[in-house]
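Asks: Before I ask anything, here is the structure I am working with.
Numbering (the UniProt record's numbering), first residue to last: 1 to 649.
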């Protein structure tokens with residue numbers, strides 16, 4: 001007797017287990033695998049492996065042939081240029097003093113050789129001219145280079161060497177700012193005395209054109225390497241003419257090290273290797289080009305070659321599919337009967353993907369896999385529907401919180417005063433302050449108050465916490481400090497009065513470090529008092545930097561000291577006072593290294609405007625902490641005393 005399952009009842013583990021005899025999987029796999037798998041595997045298995053080996057052998061032979069062809073094509077070009085240079089050398093040796101004839105020979109050689117775009121003849125001083133002689137023939141016309149070649153490395157190497165040589169690719173101004181390679185041939189008398197040199201230029205674009213047919217075609221990649229290791233042709237943009245083979249290996253292409261060894265020895269090479277930049281195995285054939293020092297290599301991707309096997313396999317599949325068609329007709333009626341419930345459950349799942357969770361999943365009472373899946377999907381449907389409601393409520397609450405925090409941030413920023421500018425008796429005080437909270441709202445603050453048109457009261461502080469609690473305590477601290485400053489007296493008196501008020505009712509034990517000061521614009525007299533705050537920095541007009549040693553009292557909110565000592569000093573015109581919170585010195589980078597006082601002092605430049613000084617310091621902190629989250633509020637304040645100019649008066 002079959003057990004009946006109600007859609008509303010919990011699904012027990014015993015009901016979830018389906019016997020093999022009843023499972024959809026057993027019936028479909030049995031009939032489908034018996035009729036399909038055996039027939040397909042027997043036809044394809046042997047054919048695939050045989051075809052794979054034949055295809056790979058043919059591909060390797062094709063790479064070898066194309067490598068030899070490319071080496072021969074490029075070698076023919078290089079030999080042609082070498083022969084042309086040799087002919088000019090023989091003729092020039094007969095009349096080394098006749099410069100006009102030498103230039104005519106060079107012109108004729110360049111015009112006659114389609115592979116050469118320009119040429120140079122250079123003679124030692126005293127051969128044809130006491131100053132020496134150098135003349136270049138190229139696409140931009142002829143140029144007299146006398147006096148600019150004797151100390152060049154390429155000239156000395158050719159003159160002193162015994163054999164001709166090919167240069168690395170270089171950007172030639174004489175050839176019209178085009179990339180060329182140069183064949184350099186020494187010019188000697190019959191007795192072997194150095195007379196100078198002859199060279200012919202070959203445009204790199206001409207060589208690249210020779211390799212265009214195999215540069216990056218059907219998985220085939222071609223590379224041309226100059227005698228000194230410079231890669232002259234490469235399929236990857238940005239590599240050719242900018243990278244050597246050794247540099248390419250150093251950048252992660254360790255698989256090419258056997259190729260570098262073979263190039264050094266001048267030996268051909270065939271090898272398989274793993275290109276980790278493309279994550280594929282490649283077969284490479286490397287061939288030196290005669291004795292020129294040039295070499296060419298072609299590499300073929302295993303993956304792309306074997307992809308060609310798909311075409312051959314496709315024809316085999318056609319035959320297999322014809323056989324499968326017969327069995328498919330027999331399975332059609334059975335599959336339709338077995339899969340109809342599954343399709344109906346799948347239709348319910350499709351509603352899930354569209355965000356519709358109100359329709360109950362069908363076939364909850366079935367005892368096979370369809371029933372198990374239906375009950376699981378129904379459980380998921382009810383769970384998702386419940387969770388969506390919870391997420392919607394949480395989203396609304398979060399949106400409301402973010403809106404309230406944004407409003408709180410605006411209110412907090414509005415509480416900070418605008419930096420004033422004071423002018424009195426020919427002196428002007430410029431003020432600037434900046435605050436960057438670590439969260440939406442923060443606990444750092446600053447305050448300004450002008451008294452009698454010539455005294456500026458100012459304060460900068462840092463509450464012990466961050467976020468909303470710190471912001472509330474910060475608002476209270478600003479209010480208390482402004483009231484205390486308005487009572488008159490010294491900055492120490494103001495801190496004492498504020499400490500008395502802030503300790504009252506401070507059940508949360510929050511506190512604030514504060515630096516309070518007053519500056520007389522006319523006399524430059526400066527008074528400072530500290531409640532546990534960071535020391536201020538005085539930048540003198542002469543470039544000296546002074547860290548002010550202000551004796552500190554207790555932080556506001558944790559207790560009351562009988563006295564907050566007052567530091568007194570004089571600010572002269574051109575001096576700047578900088579105050580800051582520990583968000584500057586205790587800013588950490590990704591390695592948990594603090595910005596510190598040394599970096600703070602190094603970022604300060606005396607004589608700049610207050611805004612520029614503050615911004616330069618903030619930029620230095622941001623660069624130091626790049627990639628690390630801001631751990632604390634950052635505040636900086638600068639006062640700069642200047643003499644009023646005649647125009648301002």
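Think of the CB as a built atom: it goes at the ideal place given N, C-alpha and C, for glycine as much as any other residue.
1) Report, in whole angstroms, the separation of the C-beta atoms of residue 109 and residue 180, which I expect to be a contact under 8 Å.
2) Using 8 Å as the threshold, is the C-beta distance between residue 122 and residue 170 below it?
3) For residue 128, which residues from the same chain have a beta carbon less than 7 Å from its beta carbon, with the 5 sequence-adjacent residues on both sides left out?
4) Take every Cβ of the stretch 599-606, pair it with every Cβ of the stretch 446-463, and state whether three or more of those distances are shorter than 8 Å.
5) How many angstroms separate the CA atom of residue 102 from the CA atom of residue 66?
6) I'd like the span of the alpha helix (DSSP H) that includes residue 482, first residue to last.
7) Where residue 592 and residue 443 are concerned, what is the direct C-alpha to C-alpha distance, given to the nearest angstrom?
8) Looking at the structure shown, is residue 297 part of a helix, part of a strand, or coil, going by DSSP?
9) Going by alpha carbons, who is nearest to residue 214 out of 143, 545, 317 and 71?
10) Report the rounded CA-to-CA distance for residue 177 versus residue 617, giving the unit in angstroms.
11) If you draw a straight line from the C-alpha of residue 532 to the C-alpha of residue 515, how long is it?
12) Do the stretch 472-489 and the stretch 538-546 touch if we need at least three Cβ pairs shorter than 8 Å?
13) Would you mind reading off the limits of the beta strand (DSSP E) that contains residue 222?
14) Nearest CA to the CA of residue 598: which residue from 266, 555, 245 and 547?
15) Run the CB neighbour count on residue 326, radius 10 Å, all protein chains shown included, and call it buried at 16 or more, exposed below.
16) Based on Cα-Cα distance, which residue from 417, 295 and 45 lies nearest to residue 68?
17) Should the stretch 184-201 be called in touch with the stretch 257-264, which here means at least 3 C-beta pairs below 8 Å?
18) Please confirm whether residue 115 and residue 206 have their CB atoms less than 8 Å apart.
19) Could you tell me the alpha carbon to alpha carbon distance between residue 609 and residue 580, rounded to whole angstroms?
20) Residues in its own chain within less than 7 Å of residue 76 by CB, not counting five upstream and five downstream?
21) DSSP three-state label for residue 558, please.
22) With distances taken from CA atoms, which of 590, 439 and 433 is nearest residue 626?
23) Quick one: using the 10 Å Cβ neighbour count with 16 as the cut-off for buried, is residue 288 buried or exposed?
24) Just verifying my parser: in three-state terms, what is the DSSP assignment at residue 496?
25) Starting from the Cα of residue 190, find the closest Cα among 91, 315 and 526 and give me that residue.
26) Between the C-alpha atoms of residue 132 and residue 187, what's the straight-line distance to the nearest angstrom?
27) So, does the stretch 224-232 touch the stretch 130-145, judging by three or more C-beta pairs under 8 Å?
28) Taking DSSP as the reference, what is the three-state secondary structure of residue 622?
29) How close, in whole Å, do the beta carbons of residue 88 and residue 107 come, if the pair is a contact with beta carbons under 8 Å?
30) Kindly indicate which three-state DSSP category residue 289 falls into: helix, strand or coil?
31) Out of 539, 551 and 634, state which residue places its alpha-carbon closest to the alpha-carbon of residue 606.
32) DSSP state of residue 276, grouped into three classes?
33) Can you give me the C-alpha to C-alpha distance between residue 577 and residue 537, rounded to a whole angstrom?
34) Apart from the five residues on each side of it in sequence, which residues of its chain come closer than 6 Å, Cβ to Cβ, to residue 63?
35) Let me know the secondary structure DSSP gives residue 3 once reduced to three states.
36) Label residue 394 either buried or exposed according to how many other C-beta atoms from any shown protein chain fall within 10 Å of its C-beta, with 16 as the threshold for buried.
Replies: The answer reads as follows:
1) Sequence index remark: in the chain shown, residue 109 carries index 109 (1-based). Sequence index remark: in the chain shown, residue 180 carries index 180 (1-based). The pair is not a contact, with the Cβ atoms about 16 Å apart (cut-off 8 Å).
2) Here the question's residue 122 lines up with position 122 in the chain shown. Here the question's residue 170 lines up with position 170 in the chain shown. It is not a contact, given that the beta carbons lie outside the stated cut-off.
3) Looking up residue 128 in the chain shown gives position 128. Same-chain partners within the cutoff: 96, 97 and 99.
4) no
5) By 1-based counting over the chain shown, the position of residue 102 is 102. By 1-based counting over the chain shown, the position of residue 66 is 66. Answer to the nearest angstrom: the Cα atoms are 40 Å apart.
6) Working through the chain shown from its first residue, we reach residue 482 at position 482. First-last of the alpha helix (DSSP H) with residue 482: 467-486.
7) Within the chain shown, numbered from 1, the residue matching residue 592 stands at position 592. Within the chain shown, numbered from 1, the residue matching residue 443 stands at position 443. Distance between the alpha carbons of residue 592 and residue 443: 22 Å.
8) In the chain shown, counting from the first residue as 1, residue 297 sits at position 297. Residue 297 carries a strand assignment under DSSP once its states are collapsed to helix, strand and coil.
9) For the purposes of this step, residue 214 is taken as the residue at position 214 of the chain shown. Of the candidates 143, 545, 317 and 71, the one whose C-alpha sits nearest the C-alpha of residue 214 is 71.
10) By 1-based counting over the chain shown, the position of residue 177 is 177. By 1-based counting over the chain shown, the position of residue 617 is 617. Those two C-alpha atoms are separated by around 45 Å.
11) Here residue 532 refers to the residue found at position 532 when the chain shown is read from its first residue. Here residue 515 refers to the residue found at position 515 when the chain shown is read from its first residue. Going from the Cα of residue 532 to the Cα of residue 515 covers about 8 Å.
12) no
13) Stepping through the chain shown from its first residue, residue 222 is reached at position 222. Here the beta strand (DSSP E) through residue 222 covers 220-225.
14) Working through the chain shown from its first residue, we reach residue 598 at position 598. When only C-alpha atoms are compared, the closest one is 547.
15) As a position in the chain shown, residue 326 is number 326, starting the count at 1. Counting of Cβ neighbours within 10 angstroms places residue 326 among the exposed residues, the total staying below 16.
16) Here residue 68 is taken as the residue at index 68 of the chain shown, counted from 1. Per the Cα distances, 295.
17) no
18) As a first step, residue 115 is located in the chain shown; it is residue number 115 there, counting from the start. As a first step, residue 206 is located in the chain shown; it is residue number 206 there, counting from the start. It is a contact, given that the beta carbons lie within the stated cut-off.
19) On the chain shown, residue 609 is found 609 positions in, with the first residue counted as 1. On the chain shown, residue 580 is found 580 positions in, with the first residue counted as 1. If you take the alpha carbons of residue 609 and residue 580, they lie about 16 Å apart.
20) By 1-based counting over the chain shown, the position of residue 76 is 76. Hits under 7 Å: none found.
21) For this step, residue 558 is matched to residue 558 along the chain shown. Coil at residue 558, not helix or strand.
22) The residue given as residue 626 occupies position 626 in the chain shown. Comparing Cα-Cα distances from residue 626 to each of 590, 439 and 433, the minimum goes to 590.
23) In the chain shown, counting from the first residue as 1, residue 288 sits at position 288. The residue is buried, with at least 16 neighbouring Cβ atoms inside 10 Å.
24) Counted from its first residue, the chain shown places residue 496 at position 496. Helix at residue 496.
25) Sequence index remark: in the chain shown, residue 190 carries index 190 (1-based). With distances taken between Cα atoms, residue 190 lies closest to 91.
26) As a first step, residue 132 must be located in the chain shown, where it is residue number 132. As a first step, residue 187 must be located in the chain shown, where it is residue number 187. Take the alpha-carbon of residue 132 and the one of residue 187: they are about 14 Å apart.
27) Contact annotation: the stretch 224-232 does not touch the stretch 130-145, with fewer than three C-beta pairs closer than 8 Å.
28) Taking the first residue of the chain shown as position 1, residue 622 is located at position 622. Here residue 622 sits in helix by DSSP.
29) Position 88 of the chain shown, counted from the first residue, corresponds to residue 88. Position 107 of the chain shown, counted from the first residue, corresponds to residue 107. With 8 Å as the limit, residue 88 and residue 107 do not qualify as a contact, their Cβ atoms being about 10 Å apart.
30) As a first step, residue 289 is located in the chain shown; it is residue number 289 there, counting from the start. Residue state, collapsed to three classes: coil.
31) Taking the chain shown and counting its residues from 1, one reaches residue 606 at position 606. Minimum Cα distance to residue 606 is reached at 539.
32) Here residue 276 is taken as the residue at index 276 of the chain shown, counted from 1. Three-state result, residue 276: coil.
33) Within the chain shown, the letter at position 577 stands for residue 577. Within the chain shown, the letter at position 537 stands for residue 537. So the two alpha carbons sit approximately 6 Å from each other.
34) Here residue 63 is taken as the residue at index 63 of the chain shown, counted from 1. Excluding sequence neighbours, residue 63 sits near 285, 298 and 300.
35) Here residue 3 corresponds to residue number 3 of the chain shown, with the count starting at 1. The pLDDT assigned to residue 3 is 41, lower than 50, so where the model puts this residue is not dependable, and the model offers no usable value.
36) Working through the chain shown from its first residue, we reach residue 394 at position 394. The residue is exposed, with fewer than 16 neighbouring Cβ atoms inside 10 Å.
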